[in-house]
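Position 34 of the sequence shown, counted from 1, bears residue number 34 in full-length UniProt numbering, the numbering being contiguous throughout. All C-beta atoms in this analysis are idealised placements derived from N, C-alpha and C, irrespective of residue type, glycine included.
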Amino acid sequence: MENASDTHAAPGGRRNFLGLVTAATAVAGAGACLWPFLQSLAPRDSAAAHLPVDVDISALPPGQQIVVTWQGRPVFITHRTPEALASLQDTALTARLRDGQSRDLQQPPYAANWHRSIDPRYGVVVGICTHLGCVPAYRPMPEGNGGTAGGYACPCHGSRFDLAGRVFRGAPAPYNLPVPPYSMPSPTLIRLGENPTGQEFDFSTILQL
């Protein structure tokens, strides 16, 4: 015999389930646009959150990217092709960038160069748009930015960045994507959160995240 309490509870349970499904769909549709909000929910008093993060890049093929989390933030690590590296030095590209020479404090001193990294082959940037905090999408192939060898496109308000994380002129994002402190103990290991020996850089000093 059916329990009366079960009969009355079922519709509410079904509504709760449908509500969760709807909420999940909405979150998926929004993509990574709410990264700052989600980041604010993460615990900040964990010592482990501030430890260096080692990333093995030995299996990362040219033209591909991986995303890892460092201090609650997405970090894009990209293996740039020779064509991409040539594009990053093209004056036709740099003339279209807001800060093509990386003069703004958005990277450590050891990454204030044309490729904004330690090893030119590997790009390392925090994947949070400097406009309103959305997560840009990786575009490894030329797409609407004048034939350059790919870059990043923000899905929220159209900001575009090249493969060094440098923002294009005319975009709402005011600054290049930040470069976190990191080192390379070996040619195939990136250590996020630890500066190279003899170097100092405090990530909290950047202009904008």
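Handout entry: C-alpha gap between residue 62 and residue 123, whole angstroms
Key = Here the question's residue 62 lines up with position 62 in the sequence shown. Here the question's residue 123 lines up with position 123 in the sequence shown. Residue 62 and residue 123: Cα-Cα distance of roughly 11 Å.
Problem - Closest residue to residue 162 among 89, 194 and 131 (Cα-Cα distance) - result: As a working note, residue 162 is residue 162 in the sequence shown. Ranked by Cα distance from residue 162, the options 89, 194 and 131 are led by 89.
Handout entry: Span of the beta strand (DSSP E) around residue 183
Key = In the sequence shown, the residue the question calls residue 183 occupies position 183. That run of the beta strand (DSSP E) goes 182 to 186.
Handout entry: Alpha-carbon to alpha-carbon, residue 159 and residue 173
Key = The residue labelled residue 173 in the question sits at position 173 within the sequence shown. The residue labelled residue 159 in the question sits at position 159 within the sequence shown. Each residue's alpha carbon lies about 6 Å from the other.
Practice task
Flag this pair as yes or no: are the beta carbons of residue 205 and residue 105 separated by less than 8 Å?
Solution key: Within the sequence shown, the letter at position 205 stands for residue 205. Within the sequence shown, the letter at position 105 stands for residue 105. Cβ distance < 8 Å, so residue 205 and residue 105 count as in contact.
Exercise for the section: Within the same chain, show all residues whose beta-carbon is closer than 6 Å to that of residue 170, passing over the 5 residues directly before and after it, in chain order. Expected result: Position 170 of the sequence shown, counted from the start, is the residue given in the question as residue 170. If we look at residue 170 and ignore the five residues flanking it on each side, it has no Cβ neighbours.
Problem - Proximity below 8 Å, CB of residue 52 to CB of residue 193 - result: Walking along the sequence shown from the start, residue 52 turns up at place 52. Walking along the sequence shown from the start, residue 193 turns up at place 193. Cβ atoms of residue 52 and residue 193: closer than 8 Å.
Exercise for the section: Write down the C-beta distance between residue 150 and residue 116 rounded to the nearest angstrom, noting that I regard them as a contact closer than 8 Å. Expected result: Translated into the one-based positions of the sequence shown, residue 150 becomes position 150. Translated into the one-based positions of the sequence shown, residue 116 becomes position 116. Not really, about 15 Å apart at Cβ, beyond 8 Å.
Handout entry: Residue interval of the beta strand (DSSP E) (run including residue 74)
Key = Position 74 of the sequence shown, counted from the start, is the residue given in the question as residue 74. For residue 74, the enclosing beta strand (DSSP E) has its first and last residue at 73 to 79.
Practice task
Within the same chain, show all residues whose beta-carbon is closer than 8 Å to that of residue 131, passing over the 5 residues directly before and after it, in chain order.
Solution key: Counting from 1 along the sequence shown, the entry for residue 131 is found at position 131. Cβ neighbours of residue 131 beyond the five flanking positions: 154, 156, 157, 159, 171, 172, 173 and 174.
Problem - Length at least 4, wholly inside the UniProt domain "Rieske" (89 to 191): the alpha helix (DSSP H) runs in chain order - result: The qualifying runs are 91 to 94.
Practice task
Return the Cβ separation of residue 118 and residue 112 in integer angstroms, given the expectation that the two are a contact with Cβ distance under 8 Å.
Solution key: As a working mapping, residue 118 is identified with position 118 in the sequence shown. As a working mapping, residue 112 is identified with position 112 in the sequence shown. With a Cβ gap of about 11 Å, residue 118 and residue 112 do not count as contacting.
Handout entry: Where residue 205 falls: helix, strand or coil (DSSP)
Key = Within the sequence shown, the letter at position 205 stands for residue 205. In the three-state DSSP reduction, residue 205 falls in the helix class (H, G or I).
Handout entry: Euclidean distance between Cα positions of residue 196 and residue 202
Key = Within the sequence shown, numbered from 1, the residue matching residue 196 stands at position 196. Within the sequence shown, numbered from 1, the residue matching residue 202 stands at position 202. Spanning the alpha carbons of residue 196 and residue 202 requires a straight line of approximately 13 Å.
Problem - Three-state secondary structure (DSSP) of residue 50 - result: As a working mapping, residue 50 is identified with position 50 in the sequence shown. The answer is helix: DSSP assigns residue 50 an H, G or I state.
Exercise for the section: Give me whichever residues DSSP pairs with residue 66 in a beta bridge. Expected result: Walking along the sequence shown from the start, residue 66 turns up at place 66. DSSP lists 77 as the beta-bridge partner residues of residue 66.
Practice task
Please find out if some non-hydrogen atom of the ligand GTP comes closer than 7 Å to the beta-carbon of residue 116.
Solution key: The model on display carries no ligand, and the ligand GTP is accordingly not part of it.
Exercise for the section: Determine, using beta carbons only, whether residue 80 and residue 139 come nearer to each other than 8 Å. Expected result: Here residue 80 is taken as the residue at index 80 of the sequence shown, counted from 1. Here residue 139 is taken as the residue at index 139 of the sequence shown, counted from 1. For residue 80 and residue 139, no; Cβs fall outside 8 Å.
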